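Residue numbers (the UniProt record's numbering), protein chains in the order written: chain A, 1 to 448; chain B, 1 to 448; chain C, 1 to 448.
Backbone N, C-alpha and C define an ideal beta-carbon position, used for all residues, glycine too.
In this text, all values refer to a predicted model and were calculated from it rather than measured experimentally.
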Amino acid sequence: MTHPEYNPSKEDRMEDQAKPVEPSSLRRAWARFLKGVSYFSGDMEVFGKWMEKRFFLLQLLDWVLRGAAQVMFVNNPLSGLIIFAGLILQNYWWALNGFVGTLFATISALILQQSRGAIAAGLYGYNGILVGLLMAVFSNAGDWYWWLLLPNIFMSMMCPIVSSALASINSRWDLPVFTLPFNILVCLHMVATGHYNHHFPQVLIQPRSELPNITWSEIDVAKLFRSIPVGIGQVYGCDNPWTGGTFIISLFISSPITCAHAILGSAAGMVSGLALSAPFEDIYFGLWGYNCVLACIAIGGMFYALTWQVHLLAITCAFFCAYLGSAIANVMSRFGLPSCTWPFCLSALTFLLLTTGTKRIFKLPLAKVTYPEKNLAFYWRLKKQEKAEKALKERKESEEREEQLKAMNEEVILNEKEQLKLELQRMEEEKKEKALSTTPSKDSKKGG
Amino acid sequence: MTHPEYNPSKEDRMEDQAKPVEPSSLRRAWARFLKGVSYFSGDMEVFGKWMEKRFFLLQLLDWVLRGAAQVMFVNNPLSGLIIFAGLILQNYWWALNGFVGTLFATISALILQQSRGAIAAGLYGYNGILVGLLMAVFSNAGDWYWWLLLPNIFMSMMCPIVSSALASINSRWDLPVFTLPFNILVCLHMVATGHYNHHFPQVLIQPRSELPNITWSEIDVAKLFRSIPVGIGQVYGCDNPWTGGTFIISLFISSPITCAHAILGSAAGMVSGLALSAPFEDIYFGLWGYNCVLACIAIGGMFYALTWQVHLLAITCAFFCAYLGSAIANVMSRFGLPSCTWPFCLSALTFLLLTTGTKRIFKLPLAKVTYPEKNLAFYWRLKKQEKAEKALKERKESEEREEQLKAMNEEVILNEKEQLKLELQRMEEEKKEKALSTTPSKDSKKGG
Amino acid sequence: MTHPEYNPSKEDRMEDQAKPVEPSSLRRAWARFLKGVSYFSGDMEVFGKWMEKRFFLLQLLDWVLRGAAQVMFVNNPLSGLIIFAGLILQNYWWALNGFVGTLFATISALILQQSRGAIAAGLYGYNGILVGLLMAVFSNAGDWYWWLLLPNIFMSMMCPIVSSALASINSRWDLPVFTLPFNILVCLHMVATGHYNHHFPQVLIQPRSELPNITWSEIDVAKLFRSIPVGIGQVYGCDNPWTGGTFIISLFISSPITCAHAILGSAAGMVSGLALSAPFEDIYFGLWGYNCVLACIAIGGMFYALTWQVHLLAITCAFFCAYLGSAIANVMSRFGLPSCTWPFCLSALTFLLLTTGTKRIFKLPLAKVTYPEKNLAFYWRLKKQEKAEKALKERKESEEREEQLKAMNEEVILNEKEQLKLELQRMEEEKKEKALSTTPSKDSKKGG
């Protein structure tokens, strides 16, 4: 969901230059380690550039893997690979559907000649993987019902069209489309067919008419803590805590800030569920977490530069998202629909539209968004630049003031000299006049 | 909902200047009365400016009172005070919740560093009072259920965020956000919890499956007329006609035009209810009125300059709003939700987006909106200016035309003179020629 | 739905000029036939211009007829007349309501001083005819229930207001409003009253809880093929295949491309219905077709210039629209509402918001949209112009390059000549030197 920037990471190069200056072997090892890490952390730019010259199918695989990770705003093929591993751990059939979805969404984007940079960053794949996965998850026809691949492929191929259309609208406010295309298309498929359809039946989702009594003594603290990784897994519709754990690893590889906010978001969702007296089963199942995970990542460092104020805003957004999630789940269940990631999309968009007077909440221009660490570096550079400019301006101003002062002083001195000269002249003239006045000639020349 | 303009009302100053010219004591008294009225009618600018130098908590109180009145587009702390009195008349607990909502919404706006002018005009408070009030009104837990203050404070503090986000969108069309944040947040809270929630149960609202038979003989005309003030009271969720009456007074203090349109709107809603065969109880209860009240105020002089055409448009909008209100109430009841003020927001936004070829329907720029009387003065000044410019242009043009005519005349005269001269010359020459022709010399000089 | 362009068709004039050059009688007859056809095909511009000087009521009739045809994007009074004939064939009462709706929508647009060109093109009438027709179709009070004319007139007169408001929004993305005002207003009326209303009862529409078993042997191929014209008829809510056939004729008169896409769209809808296992009755009744008809026309040549890529896009849009139609019908039925033409509006808007890198998918500026054939001519002219400009640029560039080459060559030649001269000079000097060296004088002059 981030636009790639193709300038090689300057930090690495600077380290290279710094090495010969400081020859301590420990530092050298550390620098080498950092350099090694930089190859597969972040958005793996070097790998992406290296891939550009490879065989097309390999490139496509890179894009598909990046697409799989972009659901969590991660532009990293290694994370994508780990995520696919987690999906296979959960269910083979779902993993296959997810792969097919990502693949056909990317192909469709190629056919429609969308921006190559965006395709290469996986920005056309992440809706595809969700469409594929969730259509399999919510299908009532059981696993390995091969006909399902037909609507799966059709809907995946519609992803770039809906993405492009939504981007035309959202770009007016410099907003991303998030997973809105996925939400729209999966809801469309589910409500168009429904539970009683003969070809593509969906699982039965019904509105709750009565909530079970909650007895706080029955709470299972272990399950409650387990709900945090499960919540992260539910972003991809998976309830296996190990799958969720795998996803946490894949996030950590690319960006520790993202990983921390994912865990925070999931915890915030769990707490909200308890506060709004949700059934414990829903909380254990991670249904209160996954939207908050995404919302917390998006606000906490991805689209805003991470400061303390933004960190608090991200947590507020997670709580708001949990509230909204409960509301949307109740509304959608009337139509036999799950809430998908609508709550995340709507709450994150609301918080991104916010305008404040403080400079500490800085929204990055969409074209400059990469991953939290790099965003932060961008923000710091910008601030430094501003400071430097301000300092320069101030120095200039003070210099100008000094010069003005000097000039004024000089002028004053000059004036004084002039006045002295004039005084002297006058005195001399007066002398002459006096001398002349004794001699009566040339009196008519002076006119007062 | 109006942006304040900080230029002291020129009318008053002009009156001061006008006084010495006309010394009649009656006129002087009248002017003094007008000056006195100007201190607490309209938007109480003088008071607002005076407040700027007071203690912060007093200022905050001013903002909260203005916020309470801004629900009806009134930027006046005295009206706000009367409105709070009306609320206390209705229900202590509701009034407390409303106050807490306004207070925390304003505080949240201060924390988020929103525009100080907008905060001081109460533009961040009016959604807060509605959120607080209506959450108490629709709570099924009974009065004095103190836990309710928790979601109340959370939702009130979300108001400025949602307001700011919506303003980012609506400002593209120079539209206000109206009470959309309140609608969104209260519906969110109600549908997130629902009737069966153990912590925050809501009143049960169900869709109507069958309407009772309507027998026109059973109609109670007194109750029908009483529904007009009740409709105005329902803007704040109050069904007490005396509370509604108090609100009418508070409107009249600030702006008689607003007051008249509020009554007209409530009446239009009542008539629409009868036309669409609504149950009499709903009409008596003011449910058909409150949206029309707000819509009629908004169109009739607040965001359009009041002319006869705009007055008719406002009444049309009130009828459309009543229709829409019935529709939205039916849709929302499926989710156990009340219609809130969605109908008002949607109908008023539709009528504000209207573009026509006539100059008599003049939409004020959002930054210039204050209150109907002042808006009208602004419109008249603008028209006068245009007229003056036009007259000036015309005079210039006519002068130019006259000059051209004069110049042309002069030219004509000159030409005629020239021609006469030429004629004379010719005649003289001819004479000479004749004279010369008699003398045979110099014939070769003339070449025909 | 198209903005009229008031420049007389140049093709006709060119034919007139071309005639004397080629005097073959067959060609002359063909040209005359084409000229004759041009008078009542396309948008009948000549007739429209001729009408401008007629009596106002005749003009109004022209606008009403054009409005009736604009539902299908056809700006042609003859098509409108045939459509009214088809409606009368279906049901007198419906036809009357449709006429009243178109008439009052047009009158309301005149009162609100909307763009005269748009009114004359029927752009304010087409929502009116649909509002009038469908309110009669979905009324449960039976035919000739005269009270229905009251809400009919009110809602028709609201059409220009809603149209104008939506246009203010959609124009930001250069999008048309399609039949959104109709959808909004009819749904508003239906849900505001409902099935149990005493004044204006609506037909009962309920969500489907169980689908009948589908046995492929029971399929009726004749009915399946008849569903194609029925689908076109359902655009106006008519289930009579003859009415649908009449509509096909009216489309063919104005624009064969529109006609072909209408039939294709209806067929795509029918196939989608079978794929999603819809009940056969729904398919036979044309419910799967009418949205696809409109979507296919809109994308296939009306708002995009028709190329092969756009043709494929139009068919994709028709399939997507059918999917969406099923989804929306299921959602709306929960509120007792039909799906109206929401699916068409939403799918066509999505496909019009699409941005691609290819030049073969060219979206016409909204002000230039007329009818597919003329749009295509506009597109070709534009392409030719671009080509010409490119060729001119290339020729200029190549000329410049040649000149540069020439200049360079000349320079080279000059240089060579210079060098030769210099060489000669040097040689001569050397000769002289040699000669001089024999004579010992002036040796000191040369300094190496």
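{"Query": "C-beta atoms of glutamine 113 (chain B) and threonine 355 (chain A) nearer than 7 Å", "Result": "no"}
{"Query": "Continuous alpha helix (DSSP H) stretch holding phenylalanine 55 (chain C): start and end", "Result": "Neither: phenylalanine 55 (chain C) is in no alpha helix (DSSP H) and is coded neither H nor E."}
{"Query": "Alanine 165 (chain A) at chain C interface by Cβ criterion, 7 Å", "Result": "yes"}
{"Query": "In DSSP terms, what glycine 363 (chain B) is bridged to", "Result": "The question names glycine, but residue 363 (chain B) is lysine in the sequence shown. Partner(s): B:Tyr304."}
{"Query": "Residue interval of the alpha helix (DSSP H) (run including histidine 261 (chain C))", "Result": "256-275"}
{"Query": "Residue from A:Leu134, A:Leu306, A:Leu274 with nearest C-alpha to cysteine 340 (chain A)", "Result": "A:Leu134"}
{"Query": "Residue(s) in a DSSP beta bridge with glutamine 202 (chain A)", "Result": "A:Ser139"}
{"Query": "Three-state secondary structure assigned by DSSP to leucine 287 (chain A)", "Result": "coil"}
{"Query": "From C:Pro77, C:Met190, C:Ala327, residue whose alpha carbon lies closest to that of proline 151 (chain C)", "Result": "C:Met190"}
{"Query": "Continuous alpha helix (DSSP H) stretch holding threonine 350 (chain C): start and end", "Result": "342-353"}
{"Query": "Residues that arginine 28 (chain A) contacts on chain C, provided the C-beta gap is smaller than 8 Å", "Result": "Chain C residues near arginine 28 (chain A): none, gap ~47 Å exceeds 8 Å."}
{"Query": "Identity of the residue in A:Val369, A:Ser333, A:Thr246, A:Tyr379 nearest leucine 78 (chain A) by Cα", "Result": "A:Thr246"}
{"Query": "8 Å Cβ shell around phenylalanine 200 (chain A) - same chain, five flanking residues per side excluded", "Result": "Ser139, Ala141, Trp147, Leu148, Pro151, His189, Thr193"}
{"Query": "C-beta neighbour in chain C for glutamate 210 (chain B), strict 7 Å", "Result": "yes"}
{"Query": "C-alpha gap between isoleucine 315 (chain A) and alanine 268 (chain A), whole angstroms", "Result": "7 Å"}
{"Query": "Residues, ordered as in the chain, of the stretch 326-357 of chain A that lie near chain B by beta-carbon distance below 9 Å", "Result": "Ser326, Ala327, Ile328, Ala329, Asn330, Val331, Arg334, Leu349, Thr350, Phe351, Leu352, Leu353, Leu354, Thr355, Thr356, Gly357"}
{"Query": "Between the CA atoms of valine 235 (chain C) and cysteine 238 (chain B) - distance to the nearest angstrom", "Result": "46 Å"}
{"Query": "At least three beta-carbon pairs within less than 8 Å, the stretch 325-343 of chain C to the stretch 379-386 of chain C", "Result": "no"}
{"Query": "Phenylalanine 40 (chain A) vs methionine 302 (chain A) beta-carbon contact at 7 Å", "Result": "no"}
{"Query": "Proline 4 (chain C) - DSSP class collapsed to helix/strand/coil", "Result": "Because the pLDDT of proline 4 (chain C) is 43, which lies under 50, any placement of that residue in the model is unreliable, and the number read from its coordinates should be weighed accordingly. Note: proline 4 (chain C) maps to coil in three-state DSSP."}
{"Query": "Within-7 Å CB hit, lysine 10 (chain B) to chain A", "Result": "Because lysine 10 (chain B) carries a pLDDT of 43, less than 50, the predicted location of this residue cannot be relied on, and no value is offered for it."}
{"Query": "Contact list for phenylalanine 320 (chain A) against chain B, beta-carbon separation under 7 Å", "Result": "Met158"}
{"Query": "Meets three-Cβ-pair contact criterion under 8 Å: the stretch 270-290 of chain C and the stretch 251-258 of chain C", "Result": "no"}
{"Query": "Assigned exposure category for methionine 270 (chain A) - 16 Cβ within 10 Å defines buried", "Result": "buried"}
{"Query": "C-alpha gap between glycine 98 (chain A) and valine 131 (chain A), whole angstroms", "Result": "7 Å"}
{"Query": "Cutoff 7 Å: glutamine 59 (chain A) Cβ touching any chain C Cβ", "Result": "no"}
{"Query": "Option in C:Leu175, C:Val412, C:Gln70 with minimal Cα separation from glycine 125 (chain C)", "Result": "C:Gln70"}
{"Query": "Contact with chain A by tyrosine 196 (chain B), beta-carbon distance below 7 Å", "Result": "yes"}
{"Query": "Nonlocal neighbours in the same chain, by C-beta distance under 8 Å from tryptophan 93 (chain A), ignoring five residues either side", "Result": "Ala136, Asp143, Trp144"}
{"Query": "CB contact check: leucine 180 (chain B) to chain A, cutoff 7 Å", "Result": "no"}
{"Query": "Top-ranked residue by Cα proximity to threonine 307 (chain B), from B:Pro181, B:Leu175, B:Pro372, B:Gly336", "Result": "B:Pro372"}
{"Query": "Under 8 Å by beta carbon: chain B residues contacting isoleucine 214 (chain A)", "Result": "His198"}
{"Query": "Terminal residues of the alpha helix (DSSP H) in which serine 209 (chain C) lies", "Result": "Unbroken run through serine 209 (chain C): none, as it is neither H nor E."}
{"Query": "Short CB-CB distance (under 7 Å) between tyrosine 323 (chain B) and chain C", "Result": "yes"}
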